[in-house]
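Colleague:
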Ligand SMILES: C[S@@+](CC[C@H](N)C(=O)[O-])C[C@H]1O[C@@H](n2cnc3c(N)ncnc32)[C@H](O)[C@@H]1O
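In this note's numbering, the protein residues as written are 591 to 1098.
1) Is it right to say residue 1092 is buried, meaning 16 or more other beta carbons lie within 10 angstroms of its own, or is it exposed?
2) Give the secondary structure of residue 808 by DSSP, where H, G and I count as helix, E and B as strand, and everything else as coil.
3) Could you tell me which residues DSSP pairs with residue 1088 in its beta bridges?
4) Taking 8 angstroms as the CB-CB cut-off, is residue 887 touching chain C?
5) List in chain order: all unbroken alpha helix (DSSP H) runs of 4+ residues lying wholly within the stretch 856-905.
6) Between which two residues does the beta strand (DSSP E) holding residue 705 run?
7) Return the chain-ordered list of same chain residues with a C-beta closer than 7 angstroms to the C-beta of residue 619, the five sequence neighbours on each side being excluded.
8) Which residue marks the beginning of the beta strand (DSSP E) containing residue 966, and which one marks its end?
9) Below 7 angstroms CB to CB, which residues in the same chain sit around residue 591 once its five sequence neighbours on both sides are set aside?
10) Might you give, ordered along the chain, the residues of its own chain that have their beta carbon closer than 7 angstroms to the beta carbon of residue 794, omitting 5 neighbours on each side?
11) Go to residue 783, then tell me how far its beta strand (DSSP E) extends in each direction, as first and last residue.
12) Per DSSP, what are the beta-bridge partners of residue 1062 in this structure?
13) Can we say the stretch 1047-1064 touches the stretch 977-989, given the rule of at least three CB pairs closer than 8 angstroms?
14) Quick check: is any heavy atom of ligand 1 less than 7 angstroms from the C-beta of residue 716?
15) How many Å lie between residue 880 and residue 760 at the Cα?
16) Starting from residue 643, trace the beta strand (DSSP E) both ways and give me its first and last residue.
17) Identify the continuous alpha helix (DSSP H) that holds residue 744 and give its terminal residues.
18) Within the same chain, show all residues whose beta-carbon is closer than 7 angstroms to that of residue 932, passing over the 5 residues directly before and after it, in chain order.
19) Quick check: is any heavy atom of ligand 1 less than 7 angstroms from the C-beta of residue 947?
20) Just checking my contact of residue 908 with residue 700 at CB under 8 angstroms: how many whole Å lie between their CB atoms?
21) Given a threshold of 16 other Cβ atoms within 10 Å of its Cβ, counted over all protein chains shown, does residue 1079 qualify as buried or as exposed?
22) Rounding to the nearest angstrom, what Cα-Cα distance links residue 696 and residue 703 in this structure?
23) Going by the beta-carbon positions, is the gap between residue 715 and residue 891 smaller than 8 angstroms?
24) Give me the residue from 611, 616 and 623 with the minimum Cα distance to residue 994.
25) I need the straight-line Cα distance from residue 943 to residue 960, nearest angstrom please.
26) Are there any heavy atoms of ligand 1 lying less than 7 angstroms away from the beta-carbon of residue 891, as far as the coordinates show?
27) What three-state label does DSSP hand residue 1026 in the structure shown?
28) For residue 1076, tell me which candidate among 1097, 1039, 1064 and 992 has the shortest Cα-Cα distance.
29) Can you grab the Cα-Cα spacing for the pair residue 1023 / residue 977, in whole Å?
30) Under the assumption that residue 665 contacts residue 765 (Cβ atoms under 8 angstroms), give the Cβ distance between them as a whole number of angstroms.
31) Check the DSSP bridge columns for residue 1046 and list the partner residues they point to.
32) Is residue 918 close to ligand 1? I mean its beta-carbon at under 7 angstroms from any heavy atom of the ligand.
33) Of the choices 951, 1016, 1048 and 1014, whose alpha-carbon is the least far from that of residue 1002?
34) Ligand 1 heavy atoms versus the CB of residue 667: any closer than 7 angstroms?
35) Where does the unbroken alpha helix (DSSP H) through residue 983 begin, and where does it stop?
36) Indicate, with yes or no, if ligand 1 has a heavy atom lying under 7 angstroms from the CB of residue 700.
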């Protein structure tokens, strides 16, 4: 009989010789403006382990494949990766029931849920309350009382808001007047009704999840890139146009986020009914009942990992926020406000997330204090020293400073963001190495980026940090489809191939 080779054996073999040429960056600095020797050196060093693969594609590293999945689609979270991707990686790392796998950036909980279905225990973090709601809802799929959820649907559908009901769902500045008047009132009315009801905690949480999913479609906003786009039928845009007209300024253009703004009562009913049919199907199949545990903590991985015991993880499967200025707290403002966050809390949350926006302030002092609190000041100095000594990281910082001086960065916060991003990630890599067992495999999904004409090889730079802290670089899977350039960068500096990669490291 032919013995199947294991993932680690496969990783110890050279990457298959597929043409990696188009995926290797030959010029990091547009017009040769900045030094790029160190980035070139990384490119040469890791090219032998680069593998262009069809195993993963744009759909599997994004939410697209999960969209129609029972359970995995329960939270509409565009930043999620697919359960299929987690399954492939779990297979490849040879994880078995009883193992412990971590996702330090849980998001909607795809890693945890895919692990649970296979009897693998998981642990992980996220700061967003959306994650807590999503993971609680999905992890307990076998525990719902389907008859109770059917009652919730029936009662909710029959709910009548009195004409004189005066409550209103709260807003913050960037969500102000996001809903048509009926929805604005009904969201609050239904929320109070559910809070006062005698339904179980699980049913209440599922209701919250369904409400969260329904908010955007019942609003005058749409998630669009880094911000919310606004419908011109919203009070906010109408009032802005009145002011603009008075001041003789050009009016904001006509824009529809959607033709018909949903009715919140109908939309939540649809969400609940969909969840109920998934629950019935999953419970009938018995697939979710593996007995595996999910240890989710709504806290920052950056500050929690250093406090965890060493040598416990069989593997890590994760995708951190990308270094792309994407602001989760803006995109999910409606949902966060619904979950009870106010203006100040959202600002604090923005700062607590891994630095990936131009507004992020450095966290290095807070990290130092946190290590000091646990008597690990030396360890802080060791990790920080290694980060500062990384030659490619130094080159990237220097290149961005030169670009800034030359007026090539459209926002000076980019330098602070890039510095914070890699510094914080590198602390996480160092701690993951400590927490992993010997033989563990770590998979990070990420995108390369370009700012001011400077390409930052996020995959190889991360791998070089990981190696500094003890990991062995095994493979860098690179998707056949590369990342599109921003139109601004493309116009100014021409097209550049940007890899979308899955880096695989091992603790040997
Ligand atoms: C790309 S998403 C992960 C999506 C996830 N793989 C899924 O399938 O849903 C990155 C997540 O990292 C979270 N995050 C950012 N900074 C964090 C931190 N310091 N600690 C823990 N989670 C953080 C964000 O809130 C976001 O949900």
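Heads up, the beta-carbon is just placed ideally off N, CA and C, and yes, glycines get one too.
All values derive from a computational prediction rather than experimental measurement.
Modeller: Concretely, from the data shown:
1) buried
2) helix
3) The secondary-structure analysis by DSSP pairs residue 1088 across a beta bridge with 1073.
4) Among the chains of the structure shown, chain C does not appear; only one protein chain is present.
5) 891-894
6) Note, residue 705: premise wrong, no beta strand (DSSP E); alpha helix (DSSP H) at 700-707.
7) 626, 989, 1043 and 1044
8) Per DSSP, residue 966 belongs to no beta strand (DSSP E) and is neither H nor E.
9) Its pLDDT being 44, under 50, residue 591 is placed unreliably by the model, and nothing is read from it.
10) Only 784 meet the Cβ criterion.
11) No beta strand (DSSP E) contains residue 783, which is instead part of the alpha helix (DSSP H) from 771-786.
12) 1096.
13) Per the Cβ contact rule, the stretch 1047-1064 is in contact with the stretch 977-989 (3 or more Cβ pairs under 8 angstroms).
14) yes
15) 40 angstroms
16) It spans 640-643 - the beta strand (DSSP E) in which residue 643 sits, taken as one unbroken run.
17) 736-748 is the span of the alpha helix (DSSP H), which, as asked, contains residue 744.
18) So the list reads 762, once near-sequence residues are dropped.
19) No, since every heavy atom of ligand 1 falls outside the 7 angstroms radius drawn around the Cβ of residue 947.
20) Actually they do not touch by this definition, with Cβ atoms about 10 angstroms apart.
21) buried
22) When only Cα atoms are considered, residue 696 and residue 703 end up about 10 angstroms apart.
23) Contact flag set, yes.
24) 623
25) 16 angstroms
26) Here the distance from the Cβ of residue 891 to the nearest heavy atom of ligand 1 is below 7 angstroms.
27) strand
28) 1039
29) Their backbone Cα atoms lie some 15 angstroms apart in a straight line.
30) Not quite, the Cβ-Cβ distance comes to about 19 angstroms (not below 8 angstroms), so this is no contact.
31) 1039
32) yes
33) 951
34) yes
35) 981-995 is the span of the alpha helix (DSSP H), which, as asked, contains residue 983.
36) yes
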